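Chemist: Structure incoming, see below.
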Amino acid sequence: MSASGRVTPEASVSLQRINSDTLHEILALSVSEDQKAFVASNERSIAEAHFDEGAWFRAIYADETPVGFALLHDESLCEQPRQQGYCFLWRLMIDQRFQRMGFGRRGVRLVIAHVKSRPDVKSLHTSWRRGEGSAQGFYEKLGFRETGEDEDGEVHAVLDL
Ligand SMILES: CC(C)(COP(=O)(O)OP(=O)(O)OC[C@H]1O[C@@H](n2cnc3c(N)ncnc32)[C@H](O)[C@@H]1OP(=O)(O)O)[C@@H](O)C(=O)NCCC(=O)NCCS
-2 MSASGRVTPE ASVSLQRINS DTLHEILALS VSEDQKAFVA SNERSIAEAH
48 FDEGAWFRAI YADETPVGFA LLHDESLCEQ PRQQGYCFLW RLMIDQRFQR
98 MGFGRRGVRL VIAHVKSRPD VKSLHTSWRR GEGSAQGFYE KLGFRETGED
148 EDGEVHAVLD L
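Per our numbering, the very first residue in the sequence shown carries number -2; after that it's consecutive.
Here's what the structure looks like:
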């Protein structure tokens, strides 16, 4: 944070566990109205994560300020992994007030560092929806490449690590 208390792109970015003290500020983070078609609310993501034994999620912080949220499905956390080393970046959001400051990219790079520490992981998968405001360009700049499209029109992509 700057001396004036504002979040600046120079802030230090970290991934932090969510606890009962911070839950409500993470739930309050939101994308803009026209981005809501691209990502579920954090409320929904955290609820869904509790019913997926492969879920791993963190809040993204810029210094002391929560700015976003990332949810991963890490198959190696499952008792009986179906696919060795499979990791899927399931949800990612940066609150509308803090977008275009580099926090999304730096947050994903921290997720990638975590994923690289997991057993047998050689790639990170993700998906996005096409359309005005899609995260496609964001992911392509990080090096993800399209692998196909599912029946719902969701683009699937992979980043080799
Ligand atoms: C996609 C999202 C996470 C990007 O976060 P962000 O913090 O704004 O992105 P960054 O500032 O780190 O941007 C990194 C680079 O990607 C570019 N970028 C960011 N969003 C972009 C978009 N929607 N389309 C194309 N490029 C984009 C930036 O311009 C920047 O490029 P540059 O360094 O060449 O200038 C954020 O816009 C968001 O939460 N969107 C709504 C939810 C969503 O679509 N989530 C992903 C699908 S699950």
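The C-beta atom is built at its ideal place from N, Cα and C for all residues, glycine as well.
Remember, predicted model here, so these are calculated numbers, not experimental data.
With I23 as the anchor, note down where its alpha helix (DSSP H) starts and where it stops.
Modeler: Taken as a continuous stretch (DSSP letters only), the alpha helix (DSSP H) holding I23 covers 20 to 24.
Chemist: So, V4 versus A59, is the Cβ gap smaller than 8 Å?
Modeler: Cβ atoms of V4 and A59: closer than 8 Å.
Chemist: What does DSSP give as the partner residue(s) for L156 in the beta ladder?
Modeler: Bridge partners of L156: L121.
Chemist: Roughly how many angstroms separate the alpha carbons of D92 and V28, rounded to a whole number?
Modeler: Going by the C-alpha atoms only, they are around 5 Å apart.
Chemist: For R55, which residues from the same chain have a beta carbon less than 7 Å from its beta carbon, with the 5 sequence-adjacent residues on both sides left out?
Modeler: Hits under 7 Å: L12, Q13, R14, A67.
Chemist: Ordered along the chain, which non-local residues of its own chain (more than five positions away) have a Cβ less than 7 Å from that of R103?
Modeler: Once the five neighbours on either side are set aside, the close Cβ partners of R103 are V10.
Chemist: Buried or exposed: where does P6 fall if 16 or more other Cβ atoms within 10 Å of its Cβ makes it buried?
Modeler: Answer is exposed; the Cβ neighbour count stays below 16.
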